[in-house]
Each structure stands twice: as structure tokens, then as C-alpha cells.
Amino acid sequence: MTQTYTIIEQKLSDTYTPEHLLVSDESHLHKGHAGARPGGETHFRVHMVSALFEGMSRLDRQRHVLDCLAAELEGPVHALALKLQSPREAAKDA
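With my numbering applied, the sequence shown covers 334 to 427.
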């Protein structure tokens, strides 16, 4: 696991106490693209299920997570794909 990956995972775990959290470093898929660096750690995908998202709009959830990870987005992270669900929504997808 990379340093940035670990920071993202820890911040999200501490803030949202998720029932499910999957953080994927997809930097290797963007090699040669804008924002990609030789060392990677630039493109991440997050799937998180948290009770804190209950009653929040999709946009509010994304804003909340982007605020939580503001330091990483100002630094090493170029792109962050988010799938944020309440437990009820995740159960419908199962």
C-alpha cells in the first residue's frame, strides 16, 4: 500500500466509520495522461458505505468527502472517483 492510499483510507475510516470501504489506486491506468506522475499515487477510486450518508444528496456526500480529503487533492491526488452509498442503497445493489 502506498502512503497516499493509507492516508485516504485512514481519513475516511476515522471520519465515516464505514460499513464498507474500498480504496483503489488506479494510477497505473493513467500512465502518460495529464496529472500522472512516475511514482503514481495520483488517481484513486473509492467505494464507501456509511450510515452518515443516510438522507444526504449525492452532491452533499461528494462535497463532504472532498472536504475530508482536501489536503490530498491539493497535493498528490489528481483524480478521485467516488461511489458513496448509505447502507440502504448498498442493500438494494446487493
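Note that beta-carbon positions come from the ideal geometry of N, C-alpha and C, so glycine has one too.
Computed from a predicted model, the values in this text were never measured in an experiment.
Apart from the five residues just before and just after residue i, which ones in its own chain have a Cβ nearer than 8 Å to its Cβ?
{"i": "residue 356", "result": "338, 341, 342, 345, 377, 378, 379"}
{"i": "residue 394", "result": "386, 415, 417"}
Report the option in the options whose CA atom is closest to the CA atom of residue i.
{"i": "residue 412", "options": "358, 353, 354", "result": "358"}
{"i": "residue 420", "options": "336, 414, 354, 348", "result": "354"}
{"i": "residue 388", "options": "403, 426, 422", "result": "422"}
Excluding sequence positions up to five away, which residues of its chain have a Cβ less than 7 Å from the Cβ of residue i?
{"i": "residue 409", "result": "337, 374, 375"}
{"i": "residue 405", "result": "337, 340, 341"}
Indicate whether residue i and residue j have their beta-carbon atoms separated by less than 8 Å.
{"i": "residue 382", "j": "residue 351", "result": "yes"}
{"i": "residue 401", "j": "residue 348", "result": "yes"}
How should residue i be labelled, buried or exposed, when 16 other C-beta atoms within 10 angstroms of its C-beta is the threshold for buried?
{"i": "residue 360", "result": "buried"}
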